[in-house]
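**Student:** In my numbering, the protein residues as written are 530 to 832.
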Amino acid sequence: MVQAFSYINLKGCYCAGAYSVDETCIFAVDQQSCEKVGVRPAAAYSLLLSDEVAMSIACQPPRRPFQARGSRMVRCENCLLTPRTCICDFRHQVSAQARFCLLTHRKEFYKPTNTGRLIEHTIAGTEVLEWSRLEPCERLLRLLADPSLAACIVFPPAPDYAHRMISQPVMEGDPRTPLFIILDGTWRQARRIFRHSDYLSSLPVISLQQASNSRYHLRKKIEDNQLCTAEVAIAMLKQIGDTTSAQALDAYFDVFNEHYRASRLNRPICPDQPAKLYLQALRAGESGCTYDQSTAQPESDMA
Ligand SMILES: [Zn+2]
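(1) Tell me where the beta strand (DSSP E) around V623 begins and ends.
(2) What separation, rounded to the nearest whole angstrom, lies between the Cα atoms of A679 and S661?
(3) I think Q626 touches H650, with their Cβ atoms under 8 Å apart; what is that distance to the nearest whole Å?
(4) Using alpha carbons as the reference points, say which of D821, I798 and S816 lies closest to A804.
(5) How about L729 and M765: are their beta carbons less than 9 Å apart?
(6) Expressed to the nearest angstrom, what Euclidean distance is found between the alpha-carbon atoms of T819 and I652?
(7) Using a Cβ-based criterion (distance less than 8 Å to any ligand heavy atom), does L808 qualify as near ligand 1?
(8) For T642, which option in L794, N786, D801 and R796 has the closest C-alpha, if you only look at C-alpha atoms?
(9) On the three-state DSSP scale, how would you describe S585?
(10) Regarding I616 and ligand 1, is the C-beta to nearest heavy atom distance less than 8 Å?
(11) Report the partner residues of I682 according to the DSSP bridge assignment.
(12) Might you give, ordered along the chain, the residues of its own chain that have their beta carbon closer than 7 Å to the beta carbon of D771, omitting 5 neighbours on each side?
(13) Applying the 10 Å Cβ sphere with the 16-neighbour rule, what's the burial state of D559?
(14) Please tell me whether, using a cut-off of 8 Å, the distance from the CB of N607 to the nearest non-hydrogen atom of ligand 1 is below it.
See the structure below:
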């Protein structure tokens, strides 16, 4: 049993879709490109395989609108926040001492709460690739074969792959640039990507050395100390001693948090948030600026 709905996609196009009644599965068809997104409950899939049906759904107002929070909002296509809370004016890219490749679960790609895009917008050379269990994308294979990069997966340790664990991404004197592969999804999705991708099974694994509490309150965390994707990258940059890049990403993450909350709670935006002043100074080319997240944004502010 599926229910039809219509919605405006990120590019502002009117789209048709269907979802299973329990709303766990969504299947959508972009009216212009017929691009299919989401997972495919069999019934929704067959319904939407016909363009004619998709068109007729798109032309009729939905009887029961799609309920997902924020699904009908107009959003900035870069940061996915609403126009009022767009953070693109604070975007500043830095060349870090490492590169990142996010292997993103397809359910994460279009989520406004996904913080992977903050890394992409801040750390030069970041690649965001969609995970496929059986077929790695060519871009990923090229990255793994690149002799100038030392690739490793960022993942918690476990006894069954203890032999793959490394404590630092490159040994001293190794001229290669570390390439951190972050499995971008919920903890369950990340575990699935880690366990079910043969092409990743020979790569070394690196873990975060210091446990820290997440500052990310937009999504429910399944386990304590579970960090969101941007926080993993920040921690990894700190771990290799690249504090400058870690600070830039830290600040952008704080701005994102502040603006997302303002959007959700319909609150005014703070114009002189320390993270913003810092990023504006960076964008203006000022040298010697630093950002200390712990003093800039006390934990009590984050409720
Ligand atoms: Zn934006």
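Backbone N, C-alpha and C define an ideal beta-carbon position, used for all residues, glycine too.
**Tutor:** So, to answer that:
(1) From DSSP, V623 is part of no beta strand (DSSP E); its letter is neither H nor E.
(2) 22 Å
(3) With 8 Å as the limit, Q626 and H650 do not qualify as a contact, their Cβ atoms being about 18 Å apart.
(4) D821
(5) no
(6) 17 Å
(7) no
(8) N786
(9) With a pLDDT of 44 at S585, under the threshold of 50, the modelled position of this residue cannot be trusted, and the question is left open.
(10) yes
(11) I710 and V734
(12) A625, Q626 and A627
(13) Reliability fails at D559, whose pLDDT of 45 lies under 50, so the model's placement of it is uncertain and the value that follows must be treated cautiously. By the 10 Å Cβ count, D559 comes out buried.
(14) yes
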